[in-house]
Amino acid sequence: MTDTFTTEPPLIHDVPQRISPLVRRITANNPSHMTGPGTNTYLVGNDEVVVIDPGPEDAAHTAAILQAAEGRIRWIICTHTHPDHSPGVPALKAETGAKVMAWSNRNGLKTDQRLRDGDQLTADEFTLTAVHTPGHAGNHLCFFLEGERVLFSGDHIMQGSTVVITPPDGDMGAYLESLAKVRALSPLTIAPAHGHVITDPNSVIDWYVSHRLEREAQLHDLMIEMGSARIGQLVEAAYVDLDPILIPMAKRSVHAHLRKLAQEGKVEGEGARSVWSTVTPN
Numbered sequence: 001m002t003d004t005f006t007t008e009p010p011l012i013h014d015v016p017q018r019i020s021p022l023v024r025r026i027t028a029n030n031p032s033h034m035t036g037p038g039t040n041t042y043l044v045g046n047d048e049v050v051v052i053d054p055g056p057e058d059a060a061h062t063a064a065i066l067q068a069a070e071g072r073i074r075w076i077i078c079t080h081t082h083p084d085h086s087p088g089v090p091a092l093k094a095e096t097g098a099k100v101m102a103w104s105n106r107n108g109l110k111t112d113q114r115l116r117d118g119d120q121l122t123a124d125e126f127t128l129t130a131v132h133t134p135g136h137a138g139n140h141l142c143f144f145l146e147g148e149r150v151l152f153s154g155d156h157i158m159q160g161s162t163v164v165i166t167p168p169d170g171d172m173g174a175y176l177e178s179l180a181k182v183r184a185l186s187p188l189t190i191a192p193a194h195g196h197v198i199t200d201p202n203s204v205i206d207w208y209v210s211h212r213l214e215r216e217a218q219l220h221d222l223m224i225e226m227g228s229a230r231i232g233q234l235v236e237a238a239y240v241d242l243d244p245i246l247i248p249m250a251k252r253s254v255h256a257h258l259r260k261l262a263q264e265g266k267v268e269g270e271g272a273r274s275v276w277s278t279v280t281p282n
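Rendered as structure tokens:
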């Protein structure tokens, strides 16, 4: 199949950018070290439109979505309920009456219908399949556009950076399983919630997996060497020349790795503030 994403338009806040015959992207004006250039909202379809991730509560962003959709919004769906993805739902719902759909009601989101793994939204132009991908969040969904074979990855996969896994809702073991799950779909492109379209999905997913496993092995080796340690000590040893603003995110990821190692019986500890210890094999 021909790759429909032959050119990648720039990320311009609140300006619709067509990235394929069926997909437009509108980037919210909420850039930060957590959101990158901002949260990408996607409009799928031309005659009947589904909005993926309305983004933050932002009147200008909502207005840009409404203007681009021209009264054709039928569904509003969320990859998950973090504050840069779902707070824009109520204003968009109020203006359109569209059906709101997500995995669960959390963080103030009120759905009209809960989505489950394999559920499909079907219009004359497209079929969009929900894929449950816990890891970054327990209620995280990706959406797979049949035909164009686009994976809307939310925060499961991001262009230009790794994903923060924050326990207990974030789970490293589940995250790695979910990466394998979306790779098996064989997407041609990935449209992430942050950053540009990814045109080499398999290599990016493979790098995500290898990076996480390498970090896990490094942390396990450090735990064996140190015997016991706090998360801050492990971050200092494992992350060289880390920008101080990123230290809290690194601590969350280390905690997630330790929880996975604990589930495998390799280390033990109680939480983010505790001392973690190596488990000696019997």
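Letter by letter, the sequence shown follows residues 1 to 282 in UniProt numbering.
By construction, the Cβ of each residue, glycine as well, lies at the ideal position given by its N, Cα and C atoms.
Residues of its chain near residue i, where Cβ-Cβ distance is below 7 Å and the 5 sequence neighbours each way are ignored
| i | result |
| --- | --- |
| Gln113 | Lys99 and Met101 |
| Val44 | Leu22, Val23, Val50, Ile52, Phe126, Leu128 and Leu145 |
| Leu66 | Glu95 |
Under the three-state DSSP convention, the category residue i falls into
| i | result |
| --- | --- |
| Val15 | coil |
| Glu95 | helix |
| Gly71 | coil |
| Arg114 | strand |
| Glu268 | strand |
| Val235 | helix |
Per DSSP, cross-strand counterpart(s) of residue i
| i | result |
| --- | --- |
| Leu121 | Leu128 |
| Ile76 | Val51 and Val100 |
| Tyr42 | Arg25 and Ile52 |
| Met158 | Ser161 |
| Trp276 | Ala229 |
| Gly36 | Ser32 |
| Val150 | Leu145 and Thr189 |
| Ile198 | Ile190 |
Supposed close pair residue i, residue j - CB separation, criterion 8 Å
| i | j | result |
| --- | --- | --- |
| residue 286 | Asp84 | One cannot answer for residue 286 here, as it falls past the ends of the chain, which runs 1 to 282. |
| Pro192 | Val150 | Wrong, their Cβ atoms sit about 11 Å apart, outside the cutoff. |
| Gly271 | Ala262 | The Cβ separation is near 11 Å, so there is no contact. |
| Leu179 | Tyr208 | 6 Å |
Own chain partners of residue i with C-beta closer than 6 Å, once the 5 adjacent residues on each side are dropped
| i | result |
| --- | --- |
| Lys251 | Ile231 and Val235 |
| Arg254 | Looking at the sequence itself, residue 254 is Val, so the reference to Arg does not match. Correct list, in chain order: Ile231, Leu234 and Val235. |
| Thr166 | Arg252 |
| Pro194 | According to the sequence as given, residue 194 is His; it is not Pro. Counting only Cβ-Cβ distances below 6 Å, and skipping sequence neighbours, we find Thr35, Gly36 and Met158. |
| Thr96 | Ile73 |
| Met223 | Val267 and Thr278 |
| Pro201 | Pro187 and Ile190 |
Flag this pair as touching only if the segment 65 to 81 and the segment 148 to 155 have three or more C-beta atom pairs under 8 Å; answer yes or no.
yes
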